[in-house]
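1 is the number of the first residue of the sequence shown in UniProt numbering; add one for each residue after it.
For each residue, glycine too, the CB sits at the ideal point set by N, CA and C.
Nothing here was measured: the structure is a model prediction, and the numbers come from that model.
The structure appears below as structure tokens.
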Amino acid sequence: MASTASAQVFACPAVYKKKNGVMTVSNSLFSWTETAASSPAISIPYEAIKAQLVNAIGPSGKVLLKLSLWPVGDTPETNHNFSFPNPATAESDRDHIKDYLATRIAAVRQRSATPASAKPTSLPRTASATTSSLTLQDLQARQALLSKNKDLAKLHKEIVIGGLISEQDFWNTRQQTLINQEWQAFQKKGISSGSLADTKPTVDGDGNDLKYKLTPDIIHSIFIEYPAVHKAFQDHVPDKMTEKEFWGKYLASKYFHRNRTTAIKETEDLFDKYMQEDANDLLLNPTGVQFTIHNKLIDLTTTSEDHVETGNRPDSTMRAGFVQTSLPLIRKFNRHSTFILKSSMYVGTVLEDLEPIKASRLAPLNIQDPASYFDSLTQESSLKTGQTSVSDKQLHTFQSHMQSWSLKISKLSYGTCQSDTIFQAVSELNRKRRNDQLNQQVSRVKHFKHYQETKDIMVSVNELLRHYWSNLNLVKLGEASMKDKVFRIAAALKKYMAQLNVIETQAKLVGEDRGVSLINTASISIEAALKALPSAAR
1 MASTASAQVF
11 ACPAVYKKKN
21 GVMTVSNSLF
31 SWTETAASSP
41 AISIPYEAIK
51 AQLVNAIGPS
61 GKVLLKLSLW
71 PVGDTPETNH
81 NFSFPNPATA
91 ESDRDHIKDY
101 LATRIAAVRQ
111 RSATPASAKP
121 TSLPRTASAT
131 TSSLTLQDLQ
141 ARQALLSKNK
151 DLAKLHKEIV
161 IGGLISEQDF
171 WNTRQQTLIN
181 QEWQAFQKKG
191 ISSGSLADTK
201 PTVDGDGNDL
211 KYKLTPDIIH
221 SIFIEYPAVH
231 KAFQDHVPDK
241 MTEKEFWGKY
251 LASKYFHRNR
261 TTAIKETEDL
271 FDKYMQEDAN
281 DLLLNPTGVQ
291 FTIHNKLIDL
301 TTTSEDHVET
311 GNRPDSTMRA
321 GFVQTSLPLI
331 RKFNRHSTFI
341 LKSSMYVGTV
351 LEDLEPIKAS
361 RLAPLNIQDP
371 ASYFDSLTQE
381 SSLKTGQTSV
391 SDKQLHTFQS
401 HMQSWSLKIS
411 KLSYGTCQSD
421 TIFQAVSELN
431 RKRRNDQLNQ
441 QVSRVKHFKH
451 YQETKDIMVS
461 VNELLRHYWS
471 NLNLVKLGEA
481 SMKDKVFRIA
491 AALKKYMAQL
501 NVIETQAKLV
511 GEDRGVSLIN
521 TASISIEAAL
531 KALPSAAR
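Below, the structure is given as structure tokens:
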């Protein structure tokens, strides 16, 4: 169990290497103790945990947790796999451990990236929010973004886990992206146009058993479309039976199967008396039902007197209720359609003039595909480097030709149509030539041997430069808490600069001019940043 120096937060049964034991999380470490053992077999401080992984629970029902530890010295990265044996509480135990570990790991990364010499009173306001104030919703949004965007996950691993910047600083520049992610994850879905009340079973086991899955949305849809079921639920649950028993009787009742072809046993049915209340569906003119027309544009009775020239005699070919067995099904569809239409009535009640003025906010540029962005930079730089220098002799020759040239329009004998045809042909050829050149340049850059490595370095450099320039002015203004951070980023930029120089040397040896131009784009930005660094820190 956990030591007395650290308070135990949560403990649950867990299996490690086919041995039963107890998993414990405390304020300072994670531990696992074998059953009947006096001391823990595994004791891991949160600083040593690199990452945690969980499995998607499948048909086998296994609930697993994997912990990856940072390599120490010559010891490689190690992994520990745990399973939770208690079927009733396995998933909840795993989620409890996972959520607590996520909070502790994030707090450790925050502390490791914060300078030890910085005083709490000198921290800027933007950094006052610590990882301890993060909610589970915030952590889930961050995890969803990293799992959805591989480039962002790679950047997070390189910059944050590498200890160059803190977790808080990394996400502070992506607040709008996090807000959008939370909005998408927790957005309430609208009402489905399909009828959820008509739930379909799935075959279970050997094919003799049918299994129905009733979600809260399906239950709500059943109550809306079948008021009699809602009334029966209120009359019997929970006084006379449990909710599970009620839905079992409903799925086996004649009420549920009245519009289906499946045969059911003739037994005492709970819903017999409620079916009598739905007898109106079988009547041509239901009693006690009032039809209220909200939209006059769809009121078919408003045009009943408009056809005086042909008479108002009813059409004998259209007799309502001729097929009486179809009335319940048709009225069921009508109730569902009315329910869907009423859900959109809120839009018509909102008046723009009464709404508060919303200030427009500028959203940051979100580059989903960094490859396209760097390709455009490469095209621009390659076009500049591809221009050949012109000597003075060539300029003098061109100047003399231009001075002796004169325009003699009177001798031109081309017609207007012929000139237009020539102009269109030349323009089309020029357009194709430029497209071929651009495509060839992009293709040559992407076939560069170190293209992916260079692109990854440029992504990391751009992220570091963003934090570097935003904190450099604070250092120049005497903000002591930012010095270590800026100097740490500058050291990382120098390291990336050395890597780019090695790649540039290799590119020059094999004649990869396009690769050299790609590297120069990042080198210029790094050199400008290092020149702006105070001379004492260079």
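Asked                                                                                                            : Found
Supposed contact pair residue 456 and residue 154 - C-beta distance, whole angstroms, cut 8 angstroms            : 7 angstroms
C-alpha gap between residue 331 and residue 240, whole angstroms                                                 : 31 angstroms
Touching by the beta-carbon criterion (3+ pairs, under 8 angstroms), the stretch 491-502 and the stretch 425-433 : no
Residue 82 versus residue 88 - alpha carbon distance                                                             : 17 angstroms
Supposed contact pair residue 41 and residue 35 - C-beta distance, whole angstroms, cut 8 angstroms              : 11 angstroms between Cβ atoms; not a contact.
Beta-carbon spacing of residue 15, residue 85 below 8 angstroms                                                  : yes
For residue 67, three-class secondary structure by DSSP                                                          : strand
Span separating the alpha-carbon of residue 39 from that of residue 156                                          : 37 angstroms
Classification of residue 246 by the beta-carbon crowding that lies within 10 angstroms, buried from 16 upward   : buried
Assigned secondary structure, residue 78 (DSSP; H/G/I helix, E/B strand, else coil)                              : strand
Environment of residue 401 [buried if 16+ CB atoms lie within 10 Å]                                              : exposed
Check whether residue 107 and residue 139 have beta carbons under 8 angstroms apart                              : no
Pick from 222, 403 and 394 that is closest to residue 336, judged by C-alpha positions                           : 222
Collapsed DSSP secondary structure at residue 18 in the structure displayed                                      : coil
Where residue 41 falls: helix, strand or coil (DSSP)                                                             : coil
Cβ-Cβ separation, residue 160 to residue 109 (assumed contact under 8 angstroms), whole Å                        : 6 angstroms
Beta-carbon spacing of residue 529, residue 468 below 8 angstroms                                                : yes
Residues sharing a beta bridge with residue 52, DSSP                                                             : 67
Assigned exposure category for residue 215 - 16 Cβ within 10 Å defines buried                                    : exposed
Proximity to residue 9 [Cα-Cα], best of 520, 477, 507 and 93                                                     : 93
Residues that residue 141 bridges to, as DSSP identifies them                                                    : In the DSSP output, where bridge partners are listed per residue, residue 141 has none listed.
Bridge partner(s) assigned by DSSP for residue 233                                                               : BP columns for residue 233 are empty, so no partner.
Rounded straight-line distance, which links the Cα of residue 148 to that of residue 177                         : 12 angstroms
Cβ-based neighbour list, residue 230, same chain, cut-off 6 angstroms, excluding 5 preceding and 5 following     : 223
Simplified DSSP state of residue 34, which is helix, strand or coil                                              : strand
When 350, 25, 420 and 450 are compared against residue 512, the one with the closest alpha-carbon                : 450
DSSP bridge partner residues for residue 11 (one or two, in chain order)                                         : 24
Residue 454: first and last residue of the uninterrupted alpha helix (DSSP H) it sits in                         : 451-476
Of the listed residues 201, 217 and 49, nearest to residue 211 (C-alpha basis)                                   : 201
Residue 242 (DSSP reduced to helix, strand or coil)                                                              : coil
Closest Cα partner of residue 79 within the set 44, 506 and 249                                                  : 44
Identity of the residues DSSP links to residue 164 by a beta bridge                                              : Answer by DSSP bridge pairing: none, since residue 164 is not bridged.
Per-residue DSSP class, three states only, for residue 427                                                       : helix
C-alpha distance - residue 523 paired with residue 459, whole-angstrom precision                                 : 13 angstroms
Terminal residues of the alpha helix (DSSP H) in which residue 496 lies                                          : 483-509
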